[in-house]
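K.L.:
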Amino acid sequence: GYSGWYVLSSSFMVVRAEAMLSRGFSDPGIPVVCRRGRLVFQSASGRAIPFRLEEATEDVGPKGCKKSHSAVGRGFREEQNGRGAPPEREASICNFLDCCKAQRSDNTSGVLRHNSYAGGVDQPVWLQSDEHLHPKFCGYRLQEPGKMPSLDRFPPEELGSNVPSHWEYLLPGRCESERLKCRELRERVRHVEGAKDMVTMLRFLRARRGRLDDAAKMYEEAMRWRRQTGYELGFRMNTRNDWLHRKVDSCWPPTAMLGKDLDGDPVYWNRMGLGSMDFLEQVPTEFLIQHEVYTITRIMQALEEASRLSSRPVMYFTVVTDLGEMSLRNFNIKGIMKYKVCVRILEDHFPEIVKRIIAIRVPRIAYTLWNIASHFFDEGTRNKIQIADPQNTLTVLSQFMDPKWIPEALGGSHRIGESGWCEPCIPSPTGPPSEETMCALKSTYGDN
20 GYSGWYVLSS
30 SFMVVRAEAM
40 LSRGFSDPGI
50 PVVCRRGRLV
60 FQSASGRAIP
70 FRLEEATEDV
80 GPKGCKKSHS
90 AVGRGFREEQ
100 NGRGAPPERE
110 ASICNFLDCC
120 KAQRSDNTSG
130 VLRHNSYAGG
140 VDQPVWLQSD
150 EHLHPKFCGY
160 RLQEPGKMPS
170 LDRFPPEELG
180 SNVPSHWEYL
190 LPGRCESERL
200 KCRELRERVR
210 HVEGAKDMVT
220 MLRFLRARRG
230 RLDDAAKMYE
240 EAMRWRRQTG
250 YELGFRMNTR
260 NDWLHRKVDS
270 CWPPTAMLGK
280 DLDGDPVYWN
290 RMGLGSMDFL
300 EQVPTEFLIQ
310 HEVYTITRIM
320 QALEEASRLS
330 SRPVMYFTVV
340 TDLGEMSLRN
350 FNIKGIMKYK
360 VCVRILEDHF
370 PEIVKRIIAI
380 RVPRIAYTLW
390 NIASHFFDEG
400 TRNKIQIADP
410 QNTLTVLSQF
420 MDPKWIPEAL
430 GGSHRIGESG
440 WCEPCIPSPT
450 GPPSEETMCA
460 LKSTYGDN
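Just add 19 to the spot in the sequence shown (first one is 1) and you have the working numbering.
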């Protein structure tokens with residue numbers, strides 16, 4: 020009965036190697052997964068093949084394995100769109116094992132079959148080794164869409180330590196007067212410990228609209244804060260444990276760097292409509308502060324890697340903020356006020372990394388929330404925001420990026436595996452992290 024199964028969680032089962040070997044499989048590591056009643060097979064080509072169990076029962080097997088007494092599973096596509104579409108292929112468990120004799124693709128299968136969202140199994144590839152990052156930070160590495168990027172960590176190096184001196188002549192939107200001001204700013208803050216490359220100088224100069232005194236003051240305060248907390252340097256040099264941060268990556272923030280805009284700069288996708296304000300309310304504030312620095316640090320490292328790949332300074336990225344799933348559940352005052360903490364860390368200590376922000380699929384409730392949240396941002400950031408007509412999402416996005424980098428779910432042609440949202444590169448969380456993760460956060464950082 021149950022000898023071929025073991026349970027990873029109450030909603031996630033994997034066929035054991037013995038069952039596959041008995042069916043003639045040459046590779047016992049082929050992933051055959053049942054997630055919330057839906058079974059998915061990862062083929063050698065990277066495609067997720069769904070099937071349906073014709074019959075299921077509800078007895079209790081070893082370690083609490085339950086049967087269900089009803090037909091379950093409507094395929095992987097339903098997991099993505101929630102519409103309950105008919106399965107592309109149906110088969111019994113035995114027929115499925117007989118007809119899908121293919122070896123797994125070692126470079127993708129472990130990533131594509133992950134489920135690190137609420138109540139799921141928190142052991143995707145990026146949690147199996149400290150050498151890996153969540154794919155949300157690695158998308159610029161792709162030369163062409165449709166694949167999974169390398170998840171190797173960024174090299175441990177301090178900010179500004181690897182910026183060629185001649186890049187001051189390649190800075191975006193550069194002019195001679197601005198370049199001279201950057202040199203003067205560097206001279207003014209020479210006594211302050213911190214990076215003084217021209218890219219960093221330009222960020223602070225532009226954040227204060229070219230006012231040297233204000234830029235020098237901002238730089239000094241930001242570098243003092245970074246030095247006193249030690250968070251940025253610890254995450255950069257991999258001396259600070261980021262295990263819990265990687266556990267939370269798939270849920271918060273629901274963002275990802277994936278693809279390029281028409282200038283060759285990264286595109287940063289933000290599915291804010293799926294962001295859990297309940298998570299922000301419950302998560303310890305100290306962890307949230309550290310997680311924001313962790314996220315910004317990984318983004319900065321991705322920009323530095325993009326600069327090396329492009330042989331030019333890549334200072335900015337285009338943000339696409341999708342608010343399509345936003346509803347009254349996002350109207351959580353405590354959560355919103357904690358979100359302000361995240362915003363101010365970015366604005367005060369890590370300025371000028373955003374080129375433009377395009378808000379898409381904006382519901383009416385979003386305008387109410389924006390009336391509150393807009394005051395969290397500096398004026399310069401607010402001026403970079405534009406709202407796309409919901410009827411022309413693809414048209415607006417295509418003005419700034421090739422449609423091949425736009426997710427299929429938004430009208431473009433980019434998909435990864437069976438996901439029109441390019442999961443897991445772009446997280447699509449269904450709720451806060453697992454209860455186990457939340458308990459670990461509270462035991463480590465306190466309640467609030």
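Beta carbons: idealized from backbone N, C-alpha and C, even for Gly. These numbers were taken from a predicted model, which means no experiment stands behind them.
Could you compute how far the alpha carbon of residue 280 sits from the alpha carbon of residue 216?
P.N.:
Translated into positions along the sequence shown, residue 280 becomes position 261. Translated into positions along the sequence shown, residue 216 becomes position 197. The alpha-carbon atoms of residue 280 and residue 216 are separated by roughly 25 Å.
K.L.:
Suppose the cutoff is 8 Å on Cβ atoms and the five residues either side in sequence are ignored; what does the same chain contact list for residue 426 look like?
P.N.:
Here residue 426 corresponds to residue number 407 of the sequence shown, with the count starting at 1. These residues qualify, in order along the chain: 288, 433, 434, 439, 440, 441, 445.
K.L.:
Going by Cα to Cα distance, which pick from 312, 338, 268, 409 is closest to residue 452?
P.N.:
Against the sequence shown, residue 452 aligns to sequence position 433. With distances taken between Cα atoms, residue 452 lies closest to 268.
K.L.:
Smallest Cα separation from residue 205: which of 263, 236, 175?
P.N.:
The sequence position of residue 205 within the sequence shown is 186, counting from 1. The shortest Cα separation from residue 205 among 263, 236, 175 belongs to 236.
K.L.:
At the level of alpha carbons, what is the spacing between residue 154 and residue 198?
P.N.:
Translated into the one-based positions of the sequence shown, residue 154 becomes position 135. Translated into the one-based positions of the sequence shown, residue 198 becomes position 179. Answer to the nearest angstrom: the Cα atoms are 35 Å apart.
K.L.:
When DSSP labels each residue in this structure, what does residue 405 get in the three-state scheme?
P.N.:
By 1-based counting over the sequence shown, the position of residue 405 is 386. The answer is strand: DSSP assigns residue 405 an E or B state.
K.L.:
Looking only at its own chain, which residues have a Cβ that is under 6 Å from the Cβ of residue 257, when we skip the five neighbours before and after it?
P.N.:
Here the question's residue 257 lines up with position 238 in the sequence shown. Taken in chain order, the residues that qualify are 175.
K.L.:
Alpha carbon to alpha carbon, how far is residue 330 from residue 437?
P.N.:
Within the sequence shown, residue 330 is the residue found at index 311, counting from 1. Within the sequence shown, residue 437 is the residue found at index 418, counting from 1. The alpha-carbon atoms of residue 330 and residue 437 are separated by roughly 34 Å.
K.L.:
Report, in whole angstroms, the separation of the C-beta atoms of residue 381 and residue 342, which I expect to be a contact under 8 Å.
P.N.:
Here residue 381 refers to the residue found at position 362 when the sequence shown is read from its first residue. Here residue 342 refers to the residue found at position 323 when the sequence shown is read from its first residue. Contact flag correct, Cβ pair sits at about 5 Å.
K.L.:
Would you call the stretch 245-265 and the stretch 182-200 in contact, with 3 or more CB pairs under 8 Å?
P.N.:
Cβ pair count under 8 Å is below three, so no.
K.L.:
Buried or exposed for residue 463, going by 16 or more other Cβ atoms inside 10 Å?
P.N.:
The count along the sequence shown starts at 1 and reaches residue 463 at position 444. Classification of residue 463: exposed, given that the 10 Å Cβ count is below 16.
K.L.:
Would residue 347 and residue 391 qualify as a contact pair, given that the criterion is a beta-carbon distance under 8 Å?
P.N.:
Within the sequence shown, residue 347 is the residue found at index 328, counting from 1. Within the sequence shown, residue 391 is the residue found at index 372, counting from 1. Not in contact: residue 347 and residue 391 (Cβ atoms no closer than 8 Å).
K.L.:
Which whole-angstrom value is the C-beta distance of residue 157 and residue 146, which I expect to be below 8 Å?
P.N.:
Position 138 of the sequence shown, counted from the start, is the residue given in the question as residue 157. Position 127 of the sequence shown, counted from the start, is the residue given in the question as residue 146. Contact doesn't hold; Cβ gap of about 15 Å is too wide.
K.L.:
Does the distance from the C-beta atom of residue 285 to that of residue 336 stay below 8 Å?
P.N.:
Taking the sequence shown and counting its residues from 1, one reaches residue 285 at position 266. Taking the sequence shown and counting its residues from 1, one reaches residue 336 at position 317. Against a cut-off of 8 Å, the Cβ pair of residue 336 and residue 285 comes out as a contact.
K.L.:
Would you report the Cα separation of residue 77 and residue 143, rounded to the nearest angstrom?
P.N.:
In the sequence shown, the residue the question calls residue 77 occupies position 58. In the sequence shown, the residue the question calls residue 143 occupies position 124. Unreliable placement is indicated for residue 77, whose pLDDT of 36 sits below 50; the coordinate value is still reported in the next sentence. Going from the Cα of residue 77 to the Cα of residue 143 covers about 28 Å.
K.L.:
Can you list, in chain order, the stretches of the alpha helix (DSSP H) that have 4 or more residues and sit fully within the stretch 339-399?
P.N.:
352-368, 383-392
K.L.:
Just tell me which of 460, 272, 203 has its CA closest to the CA of residue 448.
P.N.:
Looking up residue 448 in the sequence shown gives position 429. Taking only the C-alpha atoms, the option nearest residue 448 is 272.
K.L.:
So the alpha helix (DSSP H) residue 165 belongs to, where does it begin and stop?
P.N.:
Position 146 of the sequence shown holds residue 165. Unbroken run through residue 165: none, as it is neither H nor E.
K.L.:
Do residue 333 and residue 377 count as a contact pair if the criterion is CB distance below 8 Å?
P.N.:
To locate residue 377, count along the sequence shown from 1; it is residue 358. To locate residue 333, count along the sequence shown from 1; it is residue 314. No; because the gap between Cβ atoms is not below 8 Å, this pair is not in contact.
K.L.:
Apart from the five residues on each side of it in sequence, which residues of its chain come closer than 7 Å, Cβ to Cβ, to residue 292?
P.N.:
By one-based count along the sequence shown, residue 292 stands at place 273. So the qualifying residues of the chain are 341, 342, 343, 344, 345.
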